[in-house]
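See below for the structure under consideration.
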Amino acid sequence: MTPSDQDQAELRMQFAKLKQDHTDFDAAIEAMIKTGCNPLQIQRMKKKKLAIKDRLQKVEDQIIPDIIA
Numbered sequence: 001m002t003p004s005d006q007d008q009a010e011l012r013m014q015f016a017k018l019k020q021d022h023t024d025f026d027a028a029i030e031a032m033i034k035t036g037c038n039p040l041q042i043q044r045m046k047k048k049k050l051a052i053k054d055r056l057q058k059v060e061d062q063i064i065p066d067i068i069a
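Position 56 of the sequence shown, counted from 1, bears residue number 56 in UniProt numbering, the numbering being contiguous throughout.
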């Protein structure tokens, strides 16, 4: 495995973990809404979920580079 392949493997693992974190946050937010939690807590969770989504996009951009035709 070349360093580039190893880097790609690490990025894919990081992407999978972030994707799982994003899904977990989504489920937690839904549960909080259903149980009637404090709206401020829900908003904070949504903000964290959005930050994870941003990191997901950055990692995905590193995995799949832009190809200029």
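Beta carbons are placed, not taken as given, at the ideal position from N, Cα and C, and that holds for glycine. If you're wondering where the values come from, they're calculated on a predicted model, not measured in any experiment.
Counted within 10 angstroms of its Cβ, other Cβ atoms place residue i as buried (16 or more) or exposed
i: Leu18; result: buried
i: Gln57; result: exposed
i: Ile52; result: buried
8 Å CB neighbourhood of residue i in its chain, flanking five on each side removed
i: Arg55; result: Leu18
i: Gln6; result: none
Own chain partners of residue i with C-beta closer than 7 Å, once the 5 adjacent residues on each side are dropped
i: Met45; result: Phe25, Ala28, Ile29, Met32
i: Gln41; result: Met32
Limits of the unbroken alpha helix (DSSP H) element including residue i
i: Pro39; result: 39–63
Nearest-angstrom beta carbon gap, residue j and residue i [assumed within contact, 8 Å]
i: Ile63; j: Gln8; result: 7 Å
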